[in-house]
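*Asks:*
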Amino acid sequence: ETNERVRTGIWVGDCFIYNNSSWRLNYCVGGEVTTMFHLDRPMYLLGYLASQSRVYLIDKEFNVMGYTLLLSLIEYKTLVMRGDLERANEILPSIPKEHLNSVARFLESRGMIEDALEVATDPDYRFELAIQLGKLEIAREIAAEVQSESKWKQLGELAMSTGKVFHFS
1 ETNERVRTGI WVGDCFIYNN SSWRLNYCVG GEVTTMFHLD RPMYLLGYLA SQSRVYLIDK
61 EFNVMGYTLL LSLIEYKTLV MRGDLERANE ILPSIPKEHL NSVARFLESR GMIEDALEVA
121 TDPDYRFELA IQLGKLEIAR EIAAEVQSES KWKQLGELAM STGKVFHFS
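Just so we're aligned, residue 1 is where the sequence shown starts under full-length UniProt numbering, counting upward by one.
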């Protein structure tokens, strides 16, 4: 339950898109609120065009602004919230690569860390997820790829605490 004042809002399927009195453009899927943009002035929602994957807003001077909100992302999150992971995984390939870390953070927030690791593309984020899961081999591959001393140190400490030994070739 979120306590905030909605200025204008619209439903797109199971997703509620709204802006609030703090000048934020948000969407809510299954009780999870995501801030899309921080607006620089009060604006009012005009609607959502699925064909363009854009939310349109207007200000008092009749300036129209459009912001991208992927329908595939909304559908994916909705299906995950409903527990329909099979259908969600069918939609995943249609989500552009630049949005996959956002998907991974969503999955992590749902406690689906294994799935988040599968989806994440950012090496630093993938490393943290691998460490959380105790997947030392994946963490080692990432540490070797990015050549980060702090990652090697973190990996070494975890390996020592779990009694794992690595062979380097």
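From the three backbone atoms N, C-alpha and C, an ideal C-beta is built for every residue, glycine too.
How far does the alpha helix (DSSP H) with Glu-98 in it extend, from its first residue to its last?
*Replies:* Within the sequence shown, numbered from 1, the residue matching residue 98 stands at position 98. Run containing Glu-98: none; DSSP gives neither H nor E here.
*Asks:* Is the number of C-beta pairs between the stretch 64–79 and the stretch 27–43 that are closer than 8 Å three or more?
*Replies:* Touching, per the Cβ criterion.
*Asks:* Taking only three categories from DSSP, how would you classify Leu-152?
*Replies:* Position 152 of the sequence shown, counted from the start, is the residue given in the question as residue 152. In the sequence as displayed, the identity of residue 152 is Trp instead of Leu. Three-state result, Trp-152: helix.
*Asks:* By Cβ distance below 6 Å, which residues in the same chain neighbour Pro-37 in space, the five residues on each side in sequence not counted?
*Replies:* Taking the sequence shown and counting its residues from 1, the one referred to as residue 37 is at position 37. Correcting the residue identity first, residue 37 is Phe in this sequence and not Pro. Excluding residues within five positions, the ones whose Cβ falls inside 6 Å are Leu-25 and Tyr-67.
*Asks:* On the DSSP bridge list, what partners appear for Trp-11?
*Replies:* As a position in the sequence shown, residue 11 is number 11, starting the count at 1. Trp-11 is bridged to Phe-16.
*Asks:* Quick one: measure Cβ to Cβ for Arg-7 and Asn-20, integer angstroms, because I've assumed they're closer than 8 Å.
*Replies:* Here residue 7 is taken as the residue at index 7 of the sequence shown, counted from 1. Here residue 20 is taken as the residue at index 20 of the sequence shown, counted from 1. Rounded, the Cβ-Cβ distance is 6 Å, consistent with contact.
*Asks:* So, at 7 Å on beta carbons, what are the nonlocal neighbours of Val-12 in its own chain, with the 5 sequence-adjacent residues on each side left out?
*Replies:* Looking up residue 12 in the sequence shown gives position 12. Same-chain partners within the cutoff: Tyr-48 and Ile-74.
*Asks:* Let me check understanding here. Comparing Cα to Cα, which of Leu-71, Met-65 and Leu-39 lies closest to Ser-53?
*Replies:* For the purposes of this step, residue 53 is identified with residue 53 of the sequence shown, where counting begins at 1. Of the listed residues, the one whose Cα sits closest to Ser-53 is Leu-71.
*Asks:* What's the C-alpha gap between Ala-88 and Arg-82?
*Replies:* Here residue 88 refers to the residue found at position 88 of the sequence shown. Here residue 82 refers to the residue found at position 82 of the sequence shown. Taking the straight line joining both Cα atoms gives about 10 Å.
*Asks:* Cα-Cα, which of Leu-133, Leu-136, Arg-105 and Leu-155 is closest to Asp-122?
*Replies:* For the purposes of this step, residue 122 is taken as residue 122 along the sequence shown, with counting starting at 1. With distances taken between Cα atoms, Asp-122 lies closest to Arg-105.
*Asks:* On a CA-only basis, which of Ala-143, Thr-34 and Glu-108 is nearest Leu-69? Give me that one, please.
*Replies:* Along the sequence shown, one-based indexing puts residue 69 at 69. The option with the nearest alpha carbon to Leu-69 is Thr-34.
*Asks:* Could you have a look at Phe-62 and say whether DSSP puts it in helix, strand or coil?
*Replies:* The residue you call residue 62 lines up with position 62 of the sequence shown. Coil at Phe-62, not helix or strand.
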